[in-house]
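Sequential numbering from 1 applies to the sequence shown in UniProt numbering. We put the CB at the ideal spot given by N, CA and C, even for glycine. Since the model is a prediction, treat every value here as computed from it, not as a measurement. Right, one structure below, let's go through it.
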Amino acid sequence: MQDTLATTATGNCYSEGLKKVSGHTRLYRRGAVYYHRAVVPADIVETYGKREELISLRTKDRAEALRKVRIKAVEIDNRFDEHRRSRRARDTVPVVDELSPDQIQAIKAIYHAHLLEEDEAVRLDGFREDHEVPPELPSPSFDDWKADTDVLDKHVRQLRGRFKVDPHYEFEVEEVSEWPEVNLKVSPGTKAFKQFAAALQDATLQAFADMRSRNEGNYVPTPEIETTAAPRYPKLSNTLEDWIEEKSKEDWTEATAKEHRVWTEQFMLLCGDRPINEYGKDDARRFKQVLLRLPSNWKKKSALKEMSIERAAETAVLLDMPSMSTTSVNKILRFVGSFWRWAQSHYDDIPGNLFDGLSLSTRRSQAKEERHPFTLAELSSLFTSTIYTGCKSAREWKTPGDVIPILDAKYWVPVISLFTGARLNEILQLYVADVVEKHGVTCMSINDDGDDKKLKTKSSKRDIPVHTELEALGFLKFVQKRKDEGSKRLFPDTQIGPNGSYSGPFSKHFKRFMLEAGVERKGVSFHSFRHNFEDFCRAAGMNMDFADFLQGHMQVGMRSRYGYGEVFYRELNKALQSLSFDGVDLSVLQSNAVLLRG
1 MQDTLATTAT GNCYSEGLKK VSGHTRLYRR GAVYYHRAVV PADIVETYGK REELISLRTK
61 DRAEALRKVR IKAVEIDNRF DEHRRSRRAR DTVPVVDELS PDQIQAIKAI YHAHLLEEDE
121 AVRLDGFRED HEVPPELPSP SFDDWKADTD VLDKHVRQLR GRFKVDPHYE FEVEEVSEWP
181 EVNLKVSPGT KAFKQFAAAL QDATLQAFAD MRSRNEGNYV PTPEIETTAA PRYPKLSNTL
241 EDWIEEKSKE DWTEATAKEH RVWTEQFMLL CGDRPINEYG KDDARRFKQV LLRLPSNWKK
301 KSALKEMSIE RAAETAVLLD MPSMSTTSVN KILRFVGSFW RWAQSHYDDI PGNLFDGLSL
361 STRRSQAKEE RHPFTLAELS SLFTSTIYTG CKSAREWKTP GDVIPILDAK YWVPVISLFT
421 GARLNEILQL YVADVVEKHG VTCMSINDDG DDKKLKTKSS KRDIPVHTEL EALGFLKFVQ
481 KRKDEGSKRL FPDTQIGPNG SYSGPFSKHF KRFMLEAGVE RKGVSFHSFR HNFEDFCRAA
541 GMNMDFADFL QGHMQVGMRS RYGYGEVFYR ELNKALQSLS FDGVDLSVLQ SNAVLLRG
């Protein structure tokens with residue numbers, strides 16, 4: 001009977017039948033329910049009380065399980081660390097000779113909740129029907145579980161009636177006394193020890209009564225044990241969702257929300273999920289130190305992708321992997337720091353932004369990491385490459401030939417960016433109907449009016465006049481051809497990427513295109529067109545309010561000064577037409593324009 005009681009109390013009766021699931025080293029499944037499973041580290045296993053932490057994630061959904069297991073893994077690792085600390089601290093805990101009534105009640109409440117939690121986990125898995133013969137050791141049948149509860153309950157009640165305690169609970173005292181929420185030291189044979197064992201047995205009787213009630217179909221919740229006063233502030237995991245939801249309703253795109261969520265969750269996994277007022281500057285410094293050792297795209301590296309962020313950073317150092325750039329570190333610090341700015345404005349007594357002052361200086365690395373504009377010679381090389389002078393086909397654009405792919409995105413997208421400064425995805429997602437007349441000015445409308453469209457910020461929505469030189473290169477005739485074909489999109493030959501954006505696949509093509517054109521300098525990319533456009537604006541002496549508007553930057557107070565009516569677009573168009581692209585060899589494109597006539 002003692003062995004049976006021990007099995008019931010430690011929750012190991014039906015732990016078999018688990019199957020390893022991909023996605024996380026601690027993710028398992030039994031039946032349809034997912035579990036966290038971790039082996040207790042060797043240095044604490046003798047004092048921990050069990051050899052593994054097997055915990056139901058209370059979900060049958062794999063995606064939800066993956067999120068929960070990451071959080072649970074951090075929680076359990078913190079529990080392991082807490083056990084190590086408590087073992088060291090145990091030396092300073094005084095031996096108690098007699099328990100107070102409050103201590104006895106606390107022990108009962110904690111152990112009672114522990115037993116009900118394990119009972120709930122078994123029920124969440126679902127009971128096996130008696131007639132089922134599974135291929136491996138299953139969960140219990142309901143009748144088995146009920147019978148076990150009744151037998152054990154009867155046995156413990158008989159002992160309690162004789163004022164005896166089952167020897168099992170004497171063994172349990174050693175483990176339960178070391179639980180962080182209990183943390184008492186009692187010596188065998190003392191009054192305190194006997195009180196402790198009796199309290200565990202009484203809690204078991206109370207738990208069995210609740211289990212019988214559950215067996216009868218009654219709702220009996222598992223108690224939440226509060227060892228301290230209930231926190232005034234929500235946990236980071238809960239507040240994170242409120243922050244993401246609010247910012248997404250304002251001006252965050254799906255991609256922006258994802259970036260902020262991913263890195264804030266990594267901060268939470270590293271530092272623990274706690275009430276938001278309990279984090280401090282030391283947490284931010286710890287996160288920064290990990291980032292300084294972490295490689296870029298670490299989740300895509302086979303040696304690191306299954307590891308926690310801290311373990312990945314440590315392993316990367318051992319493997320001599322290059323760390324991410326200063327710019328990337330600062331970007332991530334801004335992502336997570338923006339949460340604390342938001343929290344400070346939404347909750348009382350939240351300390352200032354934990355990440356203020358932690359950004360790295362970019363003076364040394366700026367020359368190495370910043371994106372540069374193309375030189376005029378590089379721009380000329382791009383626009384005199386085989387795509388414009390003639391290639392074998394649109395697919396085999398690297399091979400010289402007689403084909404000018406003048407209806408292809410590869411031809412027009414770089415040209416449009418040169419004359420507008422628009423972002424890559426803004427161009428690729430254009431509809432034919434987005435080329436519009438605005439107060440008598442022909443414009444390209446950059447908007448998110450479509451299921452496949454997205455903008456970086458609210459200020460990204462704008463109308464950009466078509467430069468007369470772009471028109472002379474045949475752009476409006478190209479648009480008309482697409483319209484005549486009945487095409488909805490201006491560039492139907494491009495496909496949306498797995499991240500929901502058109503820019504990903506095209507970026508890879510553009511890198512190859514630059515190399516083929518002989519543009520191999522570090523620091524240039526498609527984004528360099530935006531820097532060139534800004535340089536052209538400055539060279540023309542353009543009012544920077546107009547320049548910012550054209551590039552989709554925030555225009556503080558601009559609407560109040562100009563409005564967005566006829567006068568505004570007349571002046572905006574005048575400013576754009578003042579741009580000169582002298583020094584860029586566009587002669588090949590000018591010759592190609594004849595191909596669009598008729």
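In whole angstroms, what is the alpha-carbon distance linking residue 78 and residue 187?
Roughly 28 angstroms between the two C-alpha positions.
Which residues in the same chain have their Cβ closer than 8 angstroms to the Cβ of residue 473, if we skip the five residues on either side of it in sequence?
Only 415, 586, 589, 590, 592 and 593 meet the Cβ criterion.
Kindly indicate which residue of 333, 405 and 41 has the alpha-carbon position closest to the one of residue 52.
Closest by alpha carbon: 41.
Quick one, are the C-beta atoms of residue 428 and residue 528 less than 8 angstroms apart?
Against a cut-off of 8 angstroms, the Cβ pair of residue 528 and residue 428 comes out as no contact.
Should residue 169 be labelled buried (16 or more other beta-carbon atoms within 10 Å of its own) or exposed?
Around the CB of residue 169, 16 or more other CB atoms lie within 10 Å, so the residue is classed as buried.
Does the ligand NAP have even one heavy atom less than 7 angstroms from the beta-carbon of residue 492?
Of the ligands one can find in the structure shown there are none, so the ligand NAP has no counterpart to examine.
Where the beta strand (DSSP E) containing residue 465 begins and where it ends
Where residue 465 is concerned, the enclosing beta strand (DSSP E) starts and stops at 462-465.
Take every Cβ of the segment 298-310, pair it with every Cβ of the segment 95-106, and state whether three or more of those distances are shorter than 8 angstroms.
Cβ pair count under 8 angstroms is below three, so no.
Residue 453 and residue 447 - do their beta-carbons sit closer together than 8 angstroms?
Going by C-beta atoms, residue 447 is nearer than 8 angstroms to residue 453.
Classify residue 346: buried if its beta carbon has 16 or more other beta carbons within 10 angstroms, exposed otherwise.
Residue 346 is classed as exposed because its beta carbon has fewer than 16 other beta carbons within 10 Å across all chains shown.
Going residue by residue through the segment 311-374, where are the continuous alpha helix (DSSP H) segments of at least 4 residues, counting only ones entirely within it?
List check, alpha helix (DSSP H) in window: 326-346 and 366-369.
Roughly how far, in whole angstroms, is the beta-carbon of residue 306 from the beta-carbon of residue 270, given that I think they are within contact range, below 8 angstroms?
Your pair residue 306 and residue 270 does not check out as a contact, with CB atoms roughly 16 angstroms apart and the cut at 8 angstroms.
Reference residue 494, options 481, 509 and 484, closest by Cα:
Closest option to residue 494, Cα to Cα, is 509.
When burial is assigned at 16 or more other CB atoms within 10 Å of the CB, is residue 55 buried or exposed?
By the neighbour-count rule (16 or more Cβ atoms within 10 Å), residue 55 is buried.
DSSP on residue 101, reduced to helix/strand/coil?
Three-state result, residue 101: helix.
Over the uninterrupted alpha helix (DSSP H) stretch that includes residue 438, give me the two end residues.
In the DSSP annotation of this structure, residue 438 is not part of any alpha helix (DSSP H); the continuous beta strand (DSSP E) holding it starts and ends at 435-438.
May I ask you to list the residues that DSSP assigns as paired with residue 48?
Here residue 48 is not bridged, per DSSP, to any residue.
One question on the structure: do residue 220 and residue 196 come within less than 8 angstroms of each other, judged by their Cβ atoms?
Taking 8 angstroms as the Cβ cut-off, residue 220 and residue 196 do not qualify as a contacting pair.
Using DSSP with H/G/I as helix, E/B as strand and the rest coil, what is residue 602?
The structure shown has nothing for residue 602, since the chain only spans 1 to 598.
Looking at C-alpha atoms only, which residue of 34, 450 and 460 is the closest neighbour of residue 125?
Ranking the options by Cα distance to residue 125, first place goes to 34.
Can you give me the C-alpha to C-alpha distance between residue 507 and residue 424, rounded to a whole angstrom?
Each residue's Cα considered, the two are about 8 angstroms apart.
The segment 401-412 in contact with the segment 568-582 per 3-pair CB rule at 8 angstroms
Judged by Cβ distances under 8 angstroms, the segment 401-412 makes no contact with the segment 568-582, as fewer than three pairs qualify.
In terms of residues, what are the limits of the alpha helix (DSSP H) holding residue 389?
From DSSP, the alpha helix (DSSP H) with residue 389 extends over 386-389.
Between which residues of its own chain and residue 469 is the CB-CB distance below 8 angstroms, once the five residues before and five after are set aside?
Spatial neighbours of residue 469 in its own chain (CB-CB distance under 8 angstroms, excluding positions within 5 residues in sequence) are listed in chain order as 419, 581 and 586.
For a test of the three-state rule: what should DSSP assign to residue 168, helix, strand or coil?
Helix, per DSSP.
Are the segment 261-279 and the segment 348-361 in contact at 8 angstroms, needing three or more beta carbon pairs?
In short, these stretches touch, since the Cβ pair count reaches three.
DSSP three-state assignment for residue 593, whether helix, strand or coil:
Helix, per DSSP.
Buried or exposed (CB count within 10 angstroms, at least 16 for buried), residue 438:
Buried.
Would you call the CB atoms of residue 422 and residue 464 closer than 8 angstroms?
Yes, they are a contact pair.
Output yes or no for whether 8 angstroms exceeds the beta carbon distance between residue 273 and residue 71.
Yes, these two residues count as a Cβ contact at 8 angstroms.
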